[in-house]
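Read in my numbering, the sequence shown has 117 at position 117, and its numbers run on one by one without any break.
Cβ atoms here follow ideal geometry from the backbone N, Cα and C, with glycine treated the same way.
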Amino acid sequence: MSTDFTRFTTASPDETAVLAQSLAQVLRVGDTILLEGDIGAGKTHFARSLIQSLQDVPEDVPSPTFTLIQIYDTQIGPLWHADLYRLSSPDEIVETGLLEAMDDAICLVEWPDRLGPDAPPTALILQFSIGADDDARNITASSPTPNRWVKRLEQCDV
Ligand code: ADP
Ligand code: MG
Numbered sequence: 001m002s003t004d005f006t007r008f009t010t011a012s013p014d015e016t017a018v019l020a021q022s023l024a025q026v027l028r029v030g031d032t033i034l035l036e037g038d039i040g041a042g043k044t045h046f047a048r049s050l051i052q053s054l055q056d057v058p059e060d061v062p063s064p065t066f067t068l069i070q071i072y073d074t075q076i077g078p079l080w081h082a083d084l085y086r087l088s089s090p091d092e093i094v095e096t097g098l099l100e101a102m103d104d105a106i107c108l109v110e111w112p113d114r115l116g117p118d119a120p121p122t123a124l125i126l127q128f129s130i131g132a133d134d135d136a137r138n139i140t141a142s143s144p145t146p147n148r149w150v151k152r153l154e155q156c157d158v
């Protein structure tokens with residue numbers, strides 16, 4: 001059970017990037033963010049903006065649709081970007097090493113429903129949906145462990 005505690009509205013991809021960059025500043029190794037929402041909702045755009053803001057020289061951040069996982073070195077530690085949409089069986093998650101990485105990396109996971117009971121209870125959940133017009137997005141934050149996140153999200157300067 002998780003309670004929504006913050007709702008952001010962004011009017012453009014650039015505004016979503018600012019939110020992602022701001023959240024990046026309060027992350028640490030051991031954090032997992034579950035990115036929910038339909039295709040085109042902005043999950044990859046958010047992840048890309050967050051990852052690139054933590055790199056001295058921003059790398060290409062392709063969608064991990066086909067590779068399932070992409071791993072980056074960042075200024076604050078290793079970061080795993082996963083897209084579980086094409087996962088064929090729950091066993092495949094174990095093979096990727098993602099569950100272990102949740103302890104010693106930062107993990108951003110698209111289509112986290114595929115994790116089932118393996119979704120970490122400490123994760124921040126960001127739910128993306130298309131807003132009032134094509135370029136607007138509503139982004140709702142929740143967590144089964146709100147205490148881990150509420151204060152940090154208040155620091156997000158958006
Ligand atoms: P997903 O990973 O959720 O399937 P993507 O991030 O790949 O979605 O695609 C989102 C698309 O929506 C991009 O083309 C992006 O430019 C566009 N977009 C329009 N407005 C926004 C916004 N406010 N925030 C994020 N993306 C937006
Ligand atoms: Mg995506």
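In the DSSP annotation of this structure, PRO121 is not part of any beta strand (DSSP E), being labelled neither H nor E. Note on the stretch 85-115: whole beta strand (DSSP E) runs with a minimum of 3 residues are 106-110, in chain order. In this structure, LEU50 lies near GLN21, with their beta-carbon atoms less than 8 Å apart.
With distances taken between CA atoms, MET102 lies nearest to TRP80 out of ASN147, TRP80, GLN75. In this structure, the beta-carbon distance from THR96 to PRO121 does not fall below 8 Å. Within 10 angstroms of the beta-carbon of ARG86 lie fewer than 16 other beta-carbons, which makes it exposed.
Taking 7 Å as the cut-off, the C-beta of THR10 counts as close to a heavy atom of ligand 1.
In this structure, the C-beta of GLU154 stays at least 7 Å away from each heavy atom of ligand 2. In this structure the stretch 52-60 does not touch the stretch 136-153; the number of beta carbon pairs closer than 8 Å is below three.
Contact check for ALA136 against THR9 passes: the beta carbons are separated by less than 8 Å. Spatial neighbours of PRO58 in its own chain (CB-CB distance under 7 Å, excluding positions within 5 residues in sequence) are listed in chain order as GLN52. Membership of GLN21 in the alpha helix (DSSP H) is indicated by the continuous run 13-24. In this structure, LEU35 and PHE46 form a Cβ contact; the two beta carbons are roughly 7 Å apart against a cut-off of 8 Å. Taking a 10 Å sphere around the C-beta of LYS43, we find 16 or more other C-beta atoms and assign the residue as buried. In terms of Cα proximity to THR65, the closest of TRP111, ALA105, GLY37 is TRP111.
Taking C-beta atoms as the reference points, LEU126 and ILE139 count as a pair closer than 8 Å.
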